[in-house]
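Engineer:
There are 2 protein chains.
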Amino acid sequence: MPQAIFPAPDHDHGSCASTAIAHAERLCAARSARLTPTRRHVLETLLASHKPLGAYEIMDRLAAGDGRPAPITVYRALDFLRDNGLVHRIESRNAFVACVREHADSAPVVFLICEHCGAVGEATGGAIADALATSCRAAGFSPKSPVIEIAGVCSHCRQR
Amino acid sequence: MPQAIFPAPDHDHGSCASTAIAHAERLCAARSARLTPTRRHVLETLLASHKPLGAYEIMDRLAAGDGRPAPITVYRALDFLRDNGLVHRIESRNAFVACVREHADSAPVVFLICEHCGAVGEATGGAIADALATSCRAAGFSPKSPVIEIAGVCSHCRQR
DNA sequence: ACTTTGATGTTGCGCTGCAGCAAAAAGCGC
DNA sequence: GCGCTTTTTGCTGCAGCGCAACATCAAAGT
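As they're listed, the protein sequences go chains G and A.
Heads up, the first sequence is in my numbering, so the first residue is 1 and it goes up one at a time.
Heads up, the second sequence is in my numbering, so the first residue is 1 and it goes up one at a time.
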């Protein structure tokens with residue numbers, strides 16, 4: 001059953017962020033990948049926002065703590081986080097969001113992007129996956145982890 | 001029935017391009033929009049390639065004919081062509097392709113992007129549209145002309 | 001201790017995309 | 001045709017995005 005999670009504007013950021021960090025730590029430990037301070041800071045920044053952030057926006061927010069990191073530093077951290085499925089890139093926005101959900105790697109991800117408040121809901125769509133697979137097969141096309149981005153207006157903004 | 005068109009590597013570029021140009025002319029005439037030389041050149045360049053081209057790549061190819069146009073010139077032409085549904089932007093590539101197909105405006109478009117040869121197949125997926133609509137409704141999300149981009153390997157490259 | 005691997009820092013650069021203003025061209029009423 | 005408005009184009013400049021190439025430094029293995 002496809003289901004999207006749009007975090008309510010007033011939900012408990014703190015707890016969902018710490019859950020995600022804990023998950024990241026477990027996952028990295030399991031893969032013996034290193035969740036270094038820089039990488040952790042970047043992830044935390046994204047988690048604290050719950051909105052897509054551009055790389056340079058992340059830099060700005062990190063600048064408060066330590067010295068301002070170079071762009072490449074942030075990009076490398078993002079590469080690492082993406083490789084490990086902790087962060088997604090929103091192509092249509094040139095921005096990044098922390099992944100709140102644990103996926104099967106093969107499952108397609110659907111991003112619902114609110115044009116009003118900028119929030120991003122992450123849905124996993126079984127039905128969509130099936131339809132996509134059918135369509136690709138008809139075209140003789142072998143897909144690779146499809147990502148779907150849909151712009152629109154989220155439920156919370158809709159109510160006004 | 002979803003169906004993707006991957007032009008065979010040896011198909012007749014010339015004829016499909018001129019068909020598309022003719023369509024563009026008819027459409028612009030009907031809307032009393034002006035298909036100026038610059039805009040036409042940009043469209044022709046995209047049609048001649050059948051692959052996504054970056055804005056600066058388009059500039060390079062236009063440079064041969066007249067003088068090299070400024071970036072903004074190309075972007076404005078692209079804006080015009082996109083507004084009229086003659087060109088699509090491939091977000092994940094920061095590139096543009098000529099639209100070979102006449103859509104209903106509301107129908108979602110599915111791009112199948114070959115990572116090997118760079119070709120782009122354009123499919124329209126009724127089943128996918130339905131699944132997406134269901135998923136969005138479940139999330140209380142109001143979508144706006146969804147565009148789906150899927151990376152993978154096309155049928156022609158697959159055969160090798 | 002030494003080597004190998006991986007992470008970070010530094011410099012520099014090319015691509016992407018557009019704002020803001022000025023000049024030229026097209027359409028329109030008279 | 002003549003002025004007027006609207007559209008299109010040309011020009012300068014700039015900000016964000018993303019990474020290559022190289023040097024440095026820490027960690028992990030033998």
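The beta carbon of each residue, even a glycine, is placed where N, CA and C say it ideally should be.
Name the chain G residues that come within less than 7 Å of A:R158, Cβ to Cβ?
Structural biologist: Those within 7 Å of A:R158 in chain G are G140, S142.
Engineer: Can you tell me whether G:F6 is helix, strand or coil according to DSSP?
Structural biologist: coil
Engineer: May I have the straight-line CA-CA distance separating G:V87 from G:T36, to the nearest angstrom?
Structural biologist: 15 Å
Engineer: Does the Cβ of G:A123 have 16 or more other Cβ atoms within 10 Å, making it buried, or fewer, making it exposed?
Structural biologist: Classification of G:A123: buried, given that the 10 Å Cβ count is 16 or more.
Engineer: From the beta carbon of G:R132, is the nearest beta carbon of chain A less than 8 Å away?
Structural biologist: For clarity, residue 132 of chain G is Leu in the given sequence; the question names Arg instead. Yes, its Cβ sits closer than 8 Å to a Cβ of chain A.
Engineer: Can you give me the Cβ contacts of G:M1 inside the same chain, cut-off strictly under 8 Å, excluding the 5 residues immediately before and after it?
Structural biologist: The predicted position of G:M1 is uncertain, since its pLDDT is 41 and thus under 50; a value taken from the coordinates is nonetheless stated next. So the list reads G126, once near-sequence residues are dropped.
Engineer: Leaving out five residues on either side along the sequence, give the residues of the same chain with a beta carbon under 8 Å from the beta carbon of A:L53.
Structural biologist: T45, L46, R61, A95, F96, V97
Engineer: Bridge partners of G:A149, per DSSP?
Structural biologist: Per the sequence presented here, residue 149 of chain G reads as Glu, with Ala not at that position. In DSSP, G:E149 forms a bridge with G:F111, A:V147.
Engineer: Have a look at G:A70, G:E115, G:V74, G:K51 and flag the residue whose alpha-carbon is nearest the alpha-carbon of G:C99.
Structural biologist: Closest option to G:C99, Cα to Cα, is G:K51.
Engineer: Closest Cβ-Cβ distance between A:F111 and chain G: below 8 Å?
Structural biologist: no
Engineer: Return yes when the Cβ of A:I58 is within less than 8 Å of the Cβ of A:F111, no when it is not.
Structural biologist: no
Engineer: With G:V74 as the anchor, note down where its alpha helix (DSSP H) starts and where it stops.
Structural biologist: It spans 71–83 - the alpha helix (DSSP H) in which G:V74 sits, taken as one unbroken run.
Engineer: Going along chain A, which residues have a C-beta under 7 Å from G:P69?
Structural biologist: Here the premise fails: no neighbours, minimum Cβ distance about 24 Å.
Engineer: Taking the beta carbon of G:A133 as the centre, do at least 16 other beta carbons fall within 10 Å, making it buried, or is it exposed?
Structural biologist: exposed
Engineer: Residue range of the alpha helix (DSSP H) that A:E57 falls in?
Structural biologist: Where A:E57 is concerned, the enclosing alpha helix (DSSP H) stretches over 55–65.
Engineer: Alpha carbons only, please: which of A:A107, A:R137, A:A138, A:R39 is nearest the one belonging to A:A129?
Structural biologist: A:A107
Engineer: Quick one: is G:E91 near chain A, going by C-beta distance under 8 Å?
Structural biologist: yes
Engineer: When you compare only the Cα positions, how much space is there between A:S135 and G:F6?
Structural biologist: A straight line joining the alpha-carbon of A:S135 with that of G:F6 spans about 13 Å.
Engineer: State yes or no: is the C-beta of A:F141 within less than 8 Å of the C-beta of G:G121?
Structural biologist: yes
Engineer: Would a check of beta-carbon distances place G:S49 closer than 8 Å to chain A?
Structural biologist: no
Engineer: For G:A67, count the other beta carbons within 10 Å of its own beta carbon; 16 or more makes it buried, fewer makes it exposed. Which is it?
Structural biologist: The question names Ala, but residue 67 of chain G in the sequence shown is Gly. It is exposed - the Cβ of G:G67 has fewer than 16 other Cβ atoms within 10 Å.
Engineer: Could you please tell me which residues of the stretch 18–46 of chain G, in chain order, have their CB closer than 8 Å to any CB of chain A?
Structural biologist: Those residues of the stretch 18–46 of chain G that come within reach of chain A (Cβ to Cβ, closer than 8 Å) do not exist; the list is empty.
Engineer: If contact means a Cβ-Cβ distance below 9 Å, which residues of the stretch 144–156 of chain A contact chain G?
Structural biologist: K144, S145, P146, V147, I148, E149, I150, A151, G152, V153, C154, S155, H156
Engineer: So G:T19 is in the alpha helix (DSSP H); what residue range does that whole segment cover?
Structural biologist: Counting along the chain, G:T19 sits inside the alpha helix (DSSP H) bounded by residues 13–31.
Engineer: What are the boundary residues of the alpha helix (DSSP H) that A:E44 is part of?
Structural biologist: 37–49
Engineer: On the DSSP bridge assignment, give the partners of A:R93 in chain order.
Structural biologist: In the DSSP assignment, no residue is bridged to A:R93.
Engineer: At 7 Å on the CB atoms, spell out the chain A contacts of G:C117, in chain order.
Structural biologist: Those do not exist, as G:C117 stays about 12 Å from chain A at its closest Cβ, beyond 7 Å.
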